[in-house]
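Notes follow once the structure below has been shown.
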Amino acid sequence: LQDKIKQNKYEFESLVSKYERVEIERDNLVRALNEQRLASHRQLEWLKTEAQLTSRNSSQIHIIERKRAEDRAKKSELKLRAESEARISAEHVSQQLVEECGQL
Numbered sequence: 001l002q003d004k005i006k007q008n009k010y011e012f013e014s015l016v017s018k019y020e021r022v023e024i025e026r027d028n029l030v031r032a033l034n035e036q037r038l039a040s041h042r043q044l045e046w047l048k049t050e051a052q053l054t055s056r057n058s059s060q061i062h063i064i065e066r067k068r069a070e071d072r073a074k075k076s077e078l079k080l081r082a083e084s085e086a087r088i089s090a091e092h093v094s095q096q097l098v099e100e101c102g103q104l
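Its first residue numbered 1, the sequence shown is counted upward by one per residue in the numbering used here.
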């Protein structure tokens with residue numbers, strides 16, 4: 001009976017030791033999983049930030065390009081208007097010369 005008790009005690013201590021190792025391994029796995037989850041979360045946040053910056057930069061570039069195109073259009077419109085006014089003025093002067101020559 002003493003031998004049986006000693007054997008059971010040894011088996012119990014072995015099981016307790018094995019259970020403690022399993023708990024330690026479980027804690028290590030949980031810790032590693034949490035670290036991996038946090039790293040993935042940080043990477044996802046970084047990617048989101050990069051995407052937002054890229055989108056913002058793209059929008060700003062589009063705005064700048066649109067403003068430049070509008071400026072070019074305004075300059076072209078002013079140039080055409082000045083050319084038109086010069087043509088009308090030249091036609092008016094020409095008409096006056098024709099009328100003056102006709103009166104001579």
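For glycine and all other residues, C-beta sits at the position ideal for the given N, C-alpha and C.
Since the model is a prediction, treat every value here as computed from it, not as a measurement.
Legend entry - Neighbour flag for R66 against chain B, beta carbons, 8 Å: No chain B is present in this structure, which holds just one protein chain.
Legend entry - Straight-line gap, I24 to Q52 (C-alpha atoms, nearest Å): For I24 and Q52, the distance between alpha carbons rounds to 42 Å.
Legend entry - Enclosing alpha helix (DSSP H) for L47 [first to last residue]: Counting along the chain, the unbroken alpha helix (DSSP H) around L47 starts and ends at Q2 to Q103.
Legend entry - Alpha-carbon spacing of A73 relative to L80, whole angstroms: Here the alpha carbons of L80 and A73 stand approximately 10 Å from one another.
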